[in-house]
Amino acid sequence: MAKVIVDSEYLKEIDKARRELRALISNKNCAPIMLRLAWHDAGTYDVNTKTGGPNGSIRNEEEYTHGANSGLKIALDFCGNLPNALKVSLAGCCIMQGKYKTFTWPSILHGAACQSVVAVEVTGGPAINFTPGRKDSKISPREGRLPDAKKGVPHLREVFYRMGLSDKDIVALSGGHTLGRAHPERSGFDGPWTAEPLKFDNSYFQELLKGESEGLLKLPTDVALLDDPEFRRYVELYAKDQSTTCVKAWLVFIADLENSFKTDQTEAVTLDEDAFYKDYAESHKKLSELGFTPTPTGAKAIVKDGTILAQGAVGVAVAAAVVILSYLYEVRKKMK
Numbered sequence: 001m002a003k004v005i006v007d008s009e010y011l012k013e014i015d016k017a018r019r020e021l022r023a024l025i026s027n028k029n030c031a032p033i034m035l036r037l038a039w040h041d042a043g044t045y046d047v048n049t050k051t052g053g054p055n056g057s058i059r060n061e062e063e064y065t066h067g068a069n070s071g072l073k074i075a076l077d078f079c080g081n082l083p084n085a086l087k088v089s090l091a092g093c094c095i096m097q098g099k100y101k102t103f104t105w106p107s108i109l110h111g112a113a114c115q116s117v118v119a120v121e122v123t124g125g126p127a128i129n130f131t132p133g134r135k136d137s138k139i140s141p142r143e144g145r146l147p148d149a150k151k152g153v154p155h156l157r158e159v160f161y162r163m164g165l166s167d168k169d170i171v172a173l174s175g176g177h178t179l180g181r182a183h184p185e186r187s188g189f190d191g192p193w194t195a196e197p198l199k200f201d202n203s204y205f206q207e208l209l210k211g212e213s214e215g216l217l218k219l220p221t222d223v224a225l226l227d228d229p230e231f232r233r234y235v236e237l238y239a240k241d242q243s244t245t246c247v248k249a250w251l252v253f254i255a256d257l258e259n260s261f262k263t264d265q266t267e268a269v270t271l272d273e274d275a276f277y278k279d280y281a282e283s284h285k286k287l288s289e290l291g292f293t294p295t296p297t298g299a300k301a302i303v304k305d306g307t308i309l310a311q312g313a314v315g316v317a318v319a320a321a322v323v324i325l326s327y328l329y330e331v332r333k334k335m336k
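First residue of the sequence shown: 1, per the UniProt record's numbering; consecutive thereafter.
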């Protein structure tokens, strides 16, 4: 495969693809199934045999008809019916063989991986780095490599360790169940995991710790996260209130900069939302790159023509706005 060339034209295509994907996923409310498609394409990886993984093989009928993939033909058809303009953007964003000229099925499946990143972002989740350049495969792995929702702790470790992932990855990626719902005709289970199944947050973990809640689903593999002490410590960390800890941490940050508060007010504060979002973003990226070694240009995003991707700057601006608003809110409370 030719090296990915990251120039100003490439970055324009990336930006265009992300904008169009945000609009499309928001309009169709398809974030959960696009996340599931990317996960199931990647989740077949075997670190020992170097087979399976995020290579687009899920497009093969042999694979999308596996029991664990029931219903994903909907997502595949959705990918195949993308507008032509978006197909070009996805080809540029996701396979980038030198220059983005050819639209192919692999580009759409790698586009699905790209869409899963956008799906998490548009529903309120963390920004996830996406590196293009995966090779496609027409060879599907045998059935049975994905997790079985009816099993417990030993099974989860067997499946995820086979992929080369860790206990932290198991729990963080399980947090993706904050999006979507189970359908009885596909899995035999019914219902959403959270009260807001189109919002990415830490409520999945909060609901786990609450126990049974009417109308909400808890799979055996979900409950297993509470049965194991190592899993549970991550569940408890990720379940902690997000907004409160974030406001406190931003206030500590501002206090440290201004040097205007007492020393005891600038003690370290645990960013629990950041803990989950940070860990989820890292685990999602690991999952999407199983068996894939990015080229130096793709991995480091070397930019030609002096072009710089402005996404980071946008993130800084948003964070700054949160800091200022949170600070003013707290100051106003103290004045009352």
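C-beta atoms are modelled at their ideal positions from N, C-alpha and C, and glycine is treated no differently.
Would you call the CB atoms of residue i and residue j closer than 8 Å?
{"i": "A119", "j": "A195", "result": "no"}
{"i": "P147", "j": "T221", "result": "yes"}
{"i": "A127", "j": "A281", "result": "yes"}
{"i": "L179", "j": "L156", "result": "no"}
{"i": "V47", "j": "R162", "result": "yes"}
{"i": "W193", "j": "L165", "result": "no"}
{"i": "L37", "j": "A68", "result": "no"}
{"i": "R145", "j": "G52", "result": "yes"}
{"i": "K168", "j": "Y234", "result": "yes"}
{"i": "G71", "j": "R186", "result": "yes"}
{"i": "T123", "j": "F205", "result": "no"}
{"i": "H40", "j": "E143", "result": "no"}
{"i": "Q115", "j": "I33", "result": "no"}
{"i": "S140", "j": "E212", "result": "no"}
{"i": "E289", "j": "T49", "result": "no"}
On the three-state DSSP scale, how would you describe residue i?
{"i": "G191", "result": "strand"}
{"i": "T178", "result": "helix"}
{"i": "D15", "result": "helix"}
{"i": "F253", "result": "At F253 the pLDDT is 48, less than 50, meaning the model places this residue with poor confidence; the figure from the coordinates comes in the next sentence. Helix at F253."}
{"i": "E20", "result": "helix"}
{"i": "D222", "result": "helix"}
{"i": "F200", "result": "coil"}
{"i": "D46", "result": "strand"}
{"i": "A320", "result": "Any answer about A320 is weak, because its pLDDT of 48 lies below 50 and its placement is not dependable; what the coordinates show is given next. If DSSP states are grouped into helix, strand and coil, A320 belongs with the helices."}
Assign residue i to one of two classes, buried (16 or more other C-beta atoms within 10 Å of its C-beta) or exposed (fewer than that).
{"i": "L209", "result": "exposed"}
{"i": "V117", "result": "buried"}
{"i": "T44", "result": "buried"}
{"i": "D77", "result": "exposed"}
{"i": "E214", "result": "exposed"}
{"i": "R19", "result": "exposed"}
{"i": "P229", "result": "exposed"}
{"i": "E158", "result": "exposed"}
{"i": "K12", "result": "exposed"}
{"i": "residue 338", "result": "No answer is possible for residue 338: the residues shown for the chain start at 1 and end at 336."}
{"i": "M96", "result": "Since pLDDT at M96 reaches only 34, below the 50 mark, its modelled position is unreliable, and no value is offered."}
{"i": "N202", "result": "buried"}
{"i": "H183", "result": "exposed"}
{"i": "D279", "result": "buried"}
{"i": "E61", "result": "exposed"}
{"i": "S137", "result": "buried"}
{"i": "S8", "result": "exposed"}
{"i": "V88", "result": "Here V88 scores only 47 on pLDDT, less than 50, and its place in the model should not be relied on; the value that follows carries that caveat. Buried, by the Cβ-count rule."}
Since residue i and residue j are thought to touch, with beta carbons under 8 Å apart, how far apart are those beta carbons, to the nearest angstrom?
{"i": "F189", "j": "A149", "result": "7 Å"}
{"i": "K285", "j": "N129", "result": "6 Å"}
{"i": "D274", "j": "G152", "result": "With a Cβ gap of about 30 Å, D274 and G152 do not count as contacting."}
Exercise. Would you call the segment 51-58 and the segment 165-176 touching, i.e. three or more CB-CB distances under 8 Å?
Worked result: no
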